[in-house]
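Input: a single structure, listed below in structure tokens.
Protein chains: 2
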Amino acid sequence: MMNSAARPPAMSDVAALAGVSHQTVSRVLNDHPSVRPETRERVTEAILQLGYRRNSAARTLVTRRSGTLGVVTPATALYGPTSTLVGLEEAARVVGWFVSVATIRQFDGDSMHTALEHFLGQGVDGIAIIAPTTEVAQAIAAIASPVPVVLISSASDVPPVPHLHAVGVDQRHGARLATQHLLDQGFGDVVHVAGPQDWFDAQDRLAGWREVSGPGAPEHIEAGWDAADGYELGLRMVRGGLPRAIFAANDQLALGLLHAFWEKGVRVPDDVAVVGFDDEVGAAHYTPPLTTVRQDFGALGRLAVGSLQAAFAGEDVARQQIPAELVVRASSVRRA
Amino acid sequence: MMNSAARPPAMSDVAALAGVSHQTVSRVLNDHPSVRPETRERVTEAILQLGYRRNSAARTLVTRRSGTLGVVTPATALYGPTSTLVGLEEAARVVGWFVSVATIRQFDGDSMHTALEHFLGQGVDGIAIIAPTTEVAQAIAAIASPVPVVLISSASDVPPVPHLHAVGVDQRHGARLATQHLLDQGFGDVVHVAGPQDWFDAQDRLAGWREVSGPGAPEHIEAGWDAADGYELGLRMVRGGLPRAIFAANDQLALGLLHAFWEKGVRVPDDVAVVGFDDEVGAAHYTPPLTTVRQDFGALGRLAVGSLQAAFAGEDVARQQIPAELVVRASSVRRA
DNA sequence: GCCGCCGGGGTGAGCGCTCACACGGACGCG
DNA sequence: CGCGTCCGTGTGAGCGCTCACCCCGGCGGC
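First to last, the sequence lines map onto chains X and Y.
Mapping the first sequence onto full-length UniProt numbering, position 248 (from 1) lands on 248, and the numbers just tick up by one.
Mapping the second sequence onto full-length UniProt numbering, position 71 (from 1) lands on 71, and the numbers just tick up by one.
The structure is reproduced here in structure tokens:
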């Protein structure tokens, strides 16, 4: 007689069926060594028969660990943050963690606070924040978290807060590679189309460009992140005077530029060379194929997870960066 | 004296400080009406003072609801699935649900089973599966879930399983729009570059094209999803004879085609017209700007969440689809 | 032959919350 | 003036699990 169809089977049900105590069932579930093989067998059998599934809320309640990572991310269609999320999820899965996501619209203290409160209430074991802007870093620094927090950001100047780790791709290095590459091709001065300067990535890419191009170089031009921004800017450049070489802060901006140049009959790279940043899916097939800087989001995710693991082990991890890689394609190479 | 720095404050601590019972604290937290304003005040004060945070594991344990949605998704860089995930997360947040993600590498029964087991153990209130392939639909159908499951897929023929809902963008309709548009331009026969046929989306786009182009049309060409596939195919077309109009199964394929054509001096749309599918970020800035079919991922997410809510209310929701929208740009428009 | 140890397993408490119910007082009504 | 009724609040049980501890029997050493 099925007395309670509503209630899923619990450990005690399994125990009763297998003729052991609930504790033995727990031991089997947790791979405790001192269980006789035949007992283990009986329990396993009972589990299968009842369709038993361990209730992780009960488990979390007593152990205070949920095996879950909270991830805070902007709900943007931008390539970087989204790829980072995917990379992170993959890395977490490998080490047996699951990922709970909270996207936030604005990176103010309030949104951040709400997201963190939720995750802490959930009993997450760690929190990763895909943190593109300066605002968010400040909001984080203001919140004391009982669990380790890793900031995924290129920020060179993340405030040193206890429990706050930081990992990122070395954006500045990537920008240096891009700029140097253009200089090496002998186009002369490199113009930089920068992203929004409240984003860490944009700041660092600008800084990297500035380091290589030197103080004598022309001023950078600030724009958004979108192809539309690049397009408009490109049209303006065609009217107002073209540079010989442009380093755009991301591939979308570069794509917009390419669009404007193509439309106005400006040849790339003959009349103007263009380099982007991100190596988005498809960048190899732009017109012309785009030279760009690739970020290894898989490695980034693994680094973030590793950093959190180190935090558990009590290690004090310094901020870690992974290098970026230049991918040279036709858009920046002087033709023979 | 702080006796237990380790243990975070519990409801009873708040109750003690406020001079009420734990139950009253619970009532305040859950906005129960019958609490005197001044009592409520005292409790709120105590909560703030202690930095109390409700333990959601304990809550989940007794209520059997976690306020969390499990999402199973392929860990792909493809535009569609990723955008769907973002749209879903946003829609869930609006109605107060959080999202837990499990990406799976292959869509076999085993991976699916593992992911579902995990979510059920977590006590999720519902599960959404971003389900691109036929394989996955079969795996789902085989697993009985105590909570509602929504399949996010264009599949016209999702098996009718209890508790299994399905929502999607009407891919077939989108494909018809694209094909019809090309026919209307008077290019003659439309060639279809199809995606992998184990993907629902690819199947439906093919079917929609076939419906409009009629049985007399040339055979479709099957490819992958990537720009590289499109590029290679484009080169082959240039050598083997160009069609006048191509409907590609996604924007990346179209991008690859555009690349090949541009490289070989084939003019688009003058020599060959191209239409894509997805309206990826940047498609408006391809060379030339790409005519494509837009899917509203935000609406899709809301539909999925709504469907799950309806399931809770006991309603029997039929499969629902949202229309796709044709976005006409230069790549397919006959010049004056 | 006694003691200690270890493998195998059981017992009970308690994690922090919600739910069902009890309870006292204020109030309305006949 | 007695009784029912509601408001505001307290009491206790129990959700399903793990942890600390206890218990029993067999085996080895002295």
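C-beta atoms are modelled at their ideal positions from N, C-alpha and C, and glycine is treated no differently.
This one's a predicted model, so the numbers in the text were calculated from it and none came from an experiment.
CA-CA distance, G216 of chain Y to V190 of chain Y, rounds to 11 Å. By the Cβ criterion, the region 47–66 of chain Y is in contact with the region 116–126 of chain X, since at least three pairs of Cβ atoms, one from each stretch, lie closer than 8 Å.
The residues Y79 and D251, in chain order, have a CB closer than 7 Å to that of E280 of chain Y in the same chain once the five nearest residues on each side in sequence are set aside. Annotation: Cβ neighbours of T287 of chain X in chain Y (cutoff 8 Å, chain order): L258, H259, W262, Y286 and T287.
As the crow flies, the alpha-carbon of W262 of chain Y is around 24 Å from that of D229 of chain X. In this model, E315 of chain Y and S307 of chain Y are separated by some 9 Å (Cα to Cα). Per DSSP, the continuous alpha helix (DSSP H) segment holding I140 of chain X begins and ends at T134 to A141. By the Cβ rule, the region 318–332 of chain X counts as touching the region 264–278 of chain X, because three or more pairs are nearer than 8 Å.
For a Cβ distance threshold of 7 Å, nothing in chain Y lies close to S34 of chain X: the least Cβ distance comes to about 25 Å. Cβ contact annotation for I127 of chain X (same chain, cutoff 6 Å, sequence separation greater than five): G70, F119 and V149, in chain order. Contact of G301 of chain Y with chain X is not assigned, every C-beta pair being separated by 8 Å or more. Looking at the DSSP output, Q320 of chain Y sits in a beta bridge with Y:V167. In chain order, A227, Q252 and L255 make up the part of chain X whose C-beta sits under 7 Å from the C-beta of G282 of chain Y. Counting C-beta pairs with one atom in each stretch, the region 287–302 of chain X and the region 87–103 of chain X have three or more that are closer than 8 Å, which means they touch.
With a minimum length of 3 residues, there is no unbroken run of beta strand (DSSP E) contained wholly in the UniProt domain "HTH lacI-type" (9–63) of chain X. Of all residues in the region 87–105 of chain X, the ones placed with a Cβ closer than 8 Å to any Cβ belonging to chain Y are E89, E90, R93, F98, V99, S100, V101, A102 and T103, in chain order. Close CB contacts of D108 of chain X within its chain, under the 8 Å cut and outside five residues either way in sequence, are with E135 and A139 (chain order).
In the structure shown, W199 of chain X adopts extended strand secondary structure according to DSSP, grouped into three states.
Chain-ordered listing is empty here: chain X has no CB closer than 8 Å to the CB of Q171 of chain Y, the nearest sitting near 20 Å.
N30 of chain Y does not reach chain X, its nearest Cβ partner there being about 14 Å away, counting only Cβ pairs nearer than 7 Å.
Residue environment analysis places T114 of chain Y among the exposed positions, since fewer than 16 neighbouring C-beta atoms fall within 10 angstroms of its C-beta. Taking a cut-off of 8 Å for Cβ pairs, the region 201–215 of chain Y and the region 171–183 of chain Y touch, as three or more such pairs fall below it. Between H118 of chain Y and chain X, the shortest Cβ-Cβ separation is below 8 Å. The residues L258, V268, P269, R329, A330 and S331, in chain order, have a CB closer than 8 Å to that of P288 of chain Y in the same chain once the five nearest residues on each side in sequence are set aside. At a beta-carbon threshold of 8 Å, the residues of chain Y lying near G123 of chain X are N55, S56 and A57, ordered along the chain. Within the same chain, Cβ atoms closer than 8 Å to the Cβ of V238 of chain X are found at A260, F261, K264 and V266, the five residues on either side in sequence being excluded.
Contact note: T84 of chain X does not reach chain Y at a C-beta cutoff of 8 Å; the least C-beta distance is about 12 Å. Boundaries of the beta strand (DSSP E) harbouring L326 of chain X: E325 to V327, taken from the DSSP string. Contact with chain Y is absent for L48 of chain X, since none of that chain's Cβ atoms lies less than 8 Å from the residue's Cβ. In this structure, X:I104 is the residue among X:V95, X:G96 and X:I104 with its C-alpha nearest to the C-alpha of F98 of chain Y.
When C-alpha distances from V169 of chain Y are compared across Y:R64, Y:L50 and Y:D278, the shortest belongs to Y:D278.
Residues of chain Y whose Cβ lies closer than 7 Å to the Cβ of Y231 of chain X are, in chain order, H285.
In this structure S12 of chain X is exposed. Its beta-carbon is surrounded by fewer than 16 other beta-carbon atoms within 10 angstroms. For S100 of chain Y, there is no enclosing alpha helix (DSSP H); the residue is found in the beta strand (DSSP E) stretching over F98 to I104.
With contacts defined by Cβ atoms closer than 8 Å, H285 of chain Y and A284 of chain X do not form a contacting pair. For the region 133–158 of chain Y, the beta-carbon criterion of a distance under 9 Å to any beta-carbon of chain X is satisfied by A144 and P146.
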